[in-house]
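Colleague:
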Amino acid sequence: MKKNSIIWGLIFMLMSHYVLYAQLPCGKPDVSYQEELITQKLIQQYKSYSTQDGLLYGITYIAVKPHFVRTDAGITDLNMGAFNNAIAICNQYFINAGIQFYICGTSSNTPNYINKTAMYNWNTTAFNRDSITAANNVNNAHNIYFSNSLGGVGGFSFGMTQSKTNNRTFILNAQTDDNKTLAHELGHYFNLSHTFNNSASSNISLRELVTRNSTEISPRVSSNCLTTGDFVCDTPADPYNLNGGELSSCNESGDGITVVDANGDHFMPSSLNIMNYYFCSPYNFSRGQYARINAALAVNNTPNPDVNNRYTLDCAETAQNVATNVVLTNLSTGVSSGVSITWTDNSNVETGYIIERSITSSTEGFVAIGGVDADIVNFVDRNVVRNMTYYYRVKASNTKENYNTVIPAITTPAICGPLQTSACISNGNINVFKIVNNTGITILDNSNSGCSSNSYGDFTNLASPTMNAGKAYNFSMKTGYLNGYYPQHIGIWIDANQDNDFDDVGEMIYQSSGSGVMYGTTQIDGVFTIPAMTNVGNIRLRIRSKAQYEGIVTSPCDANNSGETEDYLLSVVKSITVNNSPALLCPSNNTTSLNFNINYIANADNNFTVELSDANGVFGQTPLVVGSGTMSPITITMPNTAESASLYKLRVKGSSPVIMGNESVSFGYGIATATLSLLSKGVISAGDSSLLRITFVGAKPYAFVLSNGKTVTGITTDTYDFYVKPIASTNFTIVSASGSCGVANVTGSVGVSVIPYCVPLYTSVCSPSSTTAKIAINRVWLQNSTNRILLDNDNSNCSSDNFSDYTNLTAPVLKGDSIYTVNVKGYYGSNGYYSQYFSVWIDYNKNNSFADAGELVWQSPTSGYSLSGTFTIPNTTLQGNTRMRVRSRSGSAPTDPCANYYYGEGEDYSVNLFQLISVGGDVSGSARICPNINNNTLTLSGQTGDILKWQSADNINFSPATDIENTTNTLNTQNVASTKYYRAVVKYSTAPVAYSSIATLTVSSPPSVSSTLVTVNYGNFVNLQATGCMGVLVWQKKMGGSVVMPISPKCSEKYFAQCIETNGGTSCLTGNSPDVFLKVIPSGEELTSITSGNWESPSTWSIGRSPQNGDLVIIRPNDTVTITTATAAAQCLEVGEATNLQFSTPASKLSLGY
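Numbering follows this note's numbering, with no gaps: position 820 of the sequence shown is 1133.
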């Protein structure tokens, strides 16, 4: 039963990374306040009972049942190892709610397999989800279904409502153990909403505000966190569904969010909350969410009054032998890189194993860290820190607390091991690492090292290069190759003070940024300096890489998702370290002192000389000596011939022994020069920014004043980059600048143009001065159906930014008029032309965007030099001036009005749209509702003209119609009792009124029966039939009491049907169906009284004998029948009005039935 395999325990790496969007979203819709009120009432109704039973204290164990959907041939890409791992992840998240999950079943019946290709691929036209889950659900555990596809979402679940129909969750195979999806959907199961719930509601008052102050002073609006959003006040408001409402990074400061709330407050949503759509770890629930989870659990733990709709979560755990011989081993004796856990499997019914860890003791503080499949007896925990004692225990995943009895402990090595969440790949690793001294000699060369085991290479066994503290060294690194490359950032650290960590100030000695990355055959070349305070002796050096798209390398130990880590030993020896660069050197004051340290004892005849580099920071064969002395500090003097520059350096050289010190940092000298230039975006959209740069040459620090009033002082770098955000087109210049040596010379000016739309981007710049062929637009003209030219821009050539704003040119067009023809011609240069594709957009709804449906009005199907196409202006567009965009592109037609293409050009023009008709528009919000307990919002869109009123009617012909005084585009309806039809009345200018589309609120109706009379022989079963129920069908006796079909009645009786429907989250009971009279044919005969008399007298009855067992007895109205014995009997008795059944003595009695 034992398998020799290792499962990497990487599930809980505390890593910070950029926002990931690879996972599919959740299928849970927004929850309204009205729906939340129903949930709150249910929670409050049952919470007190569950609290009295003590169910909210200690650990509550919840059973889960996995259902794996496979193809018809029994194929799936999911295994129980992934599911066990996912359960461990959820146990870690839900431990603070006092909840732990275990698996219901044994290895022989778990998972439950469902072979259905249509469901595996989520072809909803070929399978019925509800009928399949109803047939497979268990009623003593929570059912979790896994499939290859879920129709475009990563998962969905239903809130706890005590209904076994909702006791199910669906998860995409690919996101089973992604550290979030299953926990996210179980959050929905425990009645948690998305953090961005209702964030894009058309009713602004339903959007959650940032403030948590319940007593804001007008005009500010007080907190509404209890009535909208996710209804939890300790989760920040999240505008995810709004345009401009998405985070651009994983920090908690609102990066990338541009929208504000109704108070004008900026959103700062949590990127780490499990109930959002960001994949930023470490994930968490808030305290308020844990409280809501416990309240939902209280609801679930109270039995449903409907016995047919009950379920529990207490599936019996599987009795089995515990794991024994749990052995712990450090993966490395040198660094804390992980702990290997092995055990002996003594069971043959386990569904897998859950591994738990504690840093407290062997008896408490345990948290699940991972899970493995049945028969696996190994696990590696890589989420460990250095010099820490850990305790581990193992249990079968289909048990609650069936742990190994002996709890072992282990202490990790003193040096941290680097964490890695994915395996090293040969085109994303460190394949070459070299160190070169200042004489050009390679002192360390580790080439073609490939991918190390577990993405960590311990090369401390290589010969240690001798290096000087305080000295700079060149290095180079290169990645491997495998069908391409992954550009990588790097970071380098040394343990300078030999305290077994890399955390001290100055111990990170290199960090790449920007475009300075390893990229295949292009190695990264850099310089690092051994800190002057570095101890003498063997010093550990660590290098790390990770993919450029994940950002710069910041930690020597924390988890990276890619790349590799390598350790080396350096032998650090005597050195001379320059402590400072000259504070201020000018032609009028060219003398200063230089301080330096040495980490050795110099000989008595030693002399130090200070050498000066050239203006570019390079030391030649015979650098200029600017000072000398026998100890620090040494006075230096800049030569009168030195030019103004910013890159001068100094270094100190000892003569006995001969030791060359490190180079100082660069310093400036002379009168400064400041030059203004544009780095990016000379044409910007409204609200966007342009990046400018001022380049300085001379002595620091620098200062400047810009023409917009921006003033900056104390600049200690030779370039200063900054953003400007003009509200209108602006020309920027430097008004004044200075350096340490006085007023600086200033040059350069930058013009920034501002337009209210996105600016189309291109990588390859089109040169307007070039006469050769270029991919650009040279002419655009627009014609109507009579070939009249409405706009013509000829010989426009191309702009330096590949975009021109020609909105001063306007074409008048009539909406809904005949066909318009757009003509576009490329540029023809001295050597011919390039074939191009063209596309045209018009901002019909004038929302400063071309992204709406239908706004791409023409796209050339082929490429060419001069092309044309036709389009018609829809009647539904807004009237007045709007913008038309024309773009060109090589290779394929432009599909996006703003995206970055490599070649091409964009041009904008104006079109004036005229409107002469009313357009009613479309009403959305049709729904099936429960009678008298409903609240719905109907929304009108796409109309042209003013909304005069709304109308309602009982029929689709609106005959008659009832006017509703409402001139807004939304109509709120409440407590509608019967099916209603709604429409809006719209009128534009003098045009006739128009009616919108019709929205229908369909009220749930009673079921229908096919027959009101059903006959059945006594002793037989019968199924009463009813149709038209869109929920749960329930049968009731007319005389009271519910029944479950089929039934075998003893006597004739009337029945009726009802339907329990759930509409919009609200459950309701429909009216009664017509009565069904179930006529039971007795096993004996039918006797009817023909006169008043004794029961035992044959003359009283229609067939001339007295009743007996099995007979149906009918006593006519106004007849009186007297029972005189204790043996009177019949199967059933039917009596009419004014019937009198008497008993002559106390001993007289009547026995009915058998």
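All residues carry an ideal CB built from backbone N, CA and C; glycine is no exception.
Just verifying my parser: in three-state terms, what is the DSSP assignment at Leu560?
Modeller: Reduced to three states, the DSSP call for Leu560 is coil.
Colleague: Near Asn851, what residues of its chain come up, given a Cβ to Cβ distance below 7 Å and the 5 sequence neighbours on each side ignored?
Modeller: Same-chain partners within the cutoff: Ser777, Leu882 and Ser884.
Colleague: How big is the Cα-Cα spacing for Thr489 and Leu463?
Modeller: About 13 Å.
Colleague: At a cut of 8 Å, does the region 994-1010 reach the region 1027-1047 through at least three beta carbon pairs?
Modeller: Contact between the region 994-1010 and the region 1027-1047 is present, because at least three Cβ pairs lie under 8 Å.
Colleague: Nearest to Asn767 by alpha carbon, out of Glu879, Asp686 and Glu863?
Modeller: If we check each option's Cα against that of Asn767, Glu879 comes out closest.
Colleague: Under 7 Å Cβ to Cβ from Thr1029, same chain only, skipping five residues before and after it: list those, please.
Modeller: Cβ neighbours of Thr1029 beyond the five flanking positions: Lys1013 and Pro1014.
Colleague: What does DSSP give as the partner residue(s) for Pro1469 in the beta ladder?
Modeller: What the structure shows of the chain is the stretch from 314 to 1467, and residue 1469 is not part of that stretch, so it cannot be assessed.
Colleague: Express the C-alpha separation of Ser527 and Gly411 in angstroms, rounding to a whole number.
Modeller: Cα-Cα distance, rounded: 31 Å.
Colleague: Taking only three categories from DSSP, how would you classify Asn479?
Modeller: Helix, per DSSP.
Colleague: Using a Cβ-Cβ cut-off of 6 Å (strictly less than) and excluding sequence neighbours within five positions of Tyr1075, which residues of its own chain qualify?
Modeller: Asn1115, Tyr1214 and Gly1217.
Colleague: Going by DSSP, name the residue or residues bridged to Leu989.
Modeller: In the DSSP output, where bridge partners are listed per residue, Leu989 has Ile1007.
Colleague: Over what stretch of residues does the alpha helix (DSSP H) that includes Arg600 continue unbroken?
Modeller: Run containing Arg600: Arg600 to Asn613, per the alpha helix (DSSP H) assignment.
Colleague: Using only the alpha-carbon positions, how far apart do Gly372 and Met473 sit?
Modeller: According to the sequence shown, residue 372 is Ile rather than Gly. Those two C-alpha atoms are separated by around 19 Å.
Colleague: Just to confirm my understanding: we take Ile509, look at its own chain, exclude 5 residues before and 5 after, and list those with CB closer than 6 Å. What are they?
Modeller: Here residue 509 is Phe; the residue named in the question, Ile, does not match the sequence. Closer than 6 Å at the Cβ level, and outside the excluded window around Phe509, lie Asp551, Tyr553 and Asn554.
Colleague: Quick one: what does DSSP say Ser674 is sitting in, helix, strand or coil?
Modeller: Three-state result, Ser674: coil.
Colleague: Might you give, ordered along the chain, the residues of its own chain that have their beta carbon closer than 7 Å to the beta carbon of Ser1321, omitting 5 neighbours on each side?
Modeller: Cβ neighbours of Ser1321 beyond the five flanking positions: Ala1339, Thr1340, Gly1341 and Ser1386.
Colleague: Which whole-angstrom value is the C-beta distance of Leu485 and Gly467, which I expect to be below 8 Å?
Modeller: The pair is a contact, with the Cβ atoms about 5 Å apart (cut-off 8 Å).
Colleague: To the nearest angstrom, how far is it from the Cα of Gly367 to the Cα of Asn409?
Modeller: Caution is warranted here: a pLDDT of 33 is assigned to Gly367, below 50, making its placement in the model unreliable, and the coordinate value is therefore given only provisionally. Each residue's Cα considered, the two are about 17 Å apart.
Colleague: Would you grab the beta carbon distance between Leu1391 and Val1347 for me? Rounded to a whole angstrom, and I think it's under 8 Å.
Modeller: Leu1391 to Val1347, Cβ: 16 Å. No contact.
Colleague: Over what stretch of residues does the alpha helix (DSSP H) that includes Leu499 continue unbroken?
Modeller: Segment Thr494 to Tyr502, the alpha helix (DSSP H) holding Leu499.
Colleague: In this structure, how does DSSP classify Ala1212 when only helix, strand and coil are distinguished?
Modeller: Three-state DSSP puts Ala1212 in coil, outside helix and strand.
Colleague: With DSSP collapsed to three states, give me the class of Val620.
Modeller: Looking at Val620 - three-state DSSP - the assignment turns out to be helix.
Colleague: For the region 387-399 against the region 638-646, do three or more pairs of beta-carbon atoms, one drawn from each stretch, fall closer than 8 Å, so that the two count as touching?
Modeller: No, the region 387-399 is not in contact with the region 638-646.
Colleague: Rounded to a whole number of angstroms, what is the C-alpha to C-alpha distance between Val534 and Val523?
Modeller: Approximately 10 Å, taken between the alpha carbons.
Colleague: By how many angstroms is the C-alpha of Tyr415 removed from the C-alpha of Asp694?
Modeller: The alpha-carbon atoms of Asp694 and Tyr415 are separated by roughly 21 Å.
Colleague: Tell me the rounded alpha-carbon separation between Pro1125 and Asn1158.
Modeller: Rounded to the nearest angstrom, the two C-alpha atoms are 16 Å apart.
Colleague: Determine contact between the region 899-915 and the region 855-869, defined as no fewer than three beta-carbon pairs at a distance below 8 Å.
Modeller: With a cut-off of 8 Å, the region 855-869 and the region 899-915 do not count as touching, because too few Cβ pairs lie within range.
Colleague: Does the Cβ of Phe1227 have 16 or more other Cβ atoms within 10 Å, making it buried, or fewer, making it exposed?
Modeller: Exposed is the call here.
Colleague: Quick one: what's Glu1366 bridged to in DSSP?
Modeller: Looking at the DSSP assignment, Glu1366 forms a beta bridge with Leu1391.
Colleague: Measuring alpha carbon to alpha carbon, tell me which of Asn436, Gln1371, Pro595 and Ser506 ends up nearest Ser470.
Modeller: Comparing Cα positions, the closest option is Ser506.
Colleague: Between Asn1021, Val996, Gly1052 and Val1093, which lies nearest to Val1068 when the distance is taken from Cα to Cα?
Modeller: Looking at the sequence shown, residue 1068 is not Val but Ile. Residue Val996 is the option with its Cα nearest to Ile1068.
Colleague: Could you give the distance in angstroms between the alpha-carbon of Asn877 and the alpha-carbon of Gly741?
Modeller: Checking the sequence shown, residue 877 turns out to be Glu, not Asn. The straight-line gap from Cα to Cα measures roughly 8 Å.
Colleague: Measuring straight from C-alpha to C-alpha, what distance separates Asp927 and Thr752?
Modeller: If I take the Cα positions, the gap works out to 18 Å.
Colleague: Closest to Pro1174 by CA distance: which of Asp688, Asp1105 and Gln1149 is it?
Modeller: When each option's Cα is compared against that of Pro1174, the closest is Gln1149.
Colleague: Is the region 1305-1323 close to the region 1361-1373, with three or more CB pairs under 8 Å?
Modeller: Contact between the region 1305-1323 and the region 1361-1373 is present, because at least three Cβ pairs lie under 8 Å.
Colleague: Should Gly684 go down as buried or exposed, given a rule of 16 or more other Cβ atoms within 10 Å for buried?
Modeller: That one is buried.
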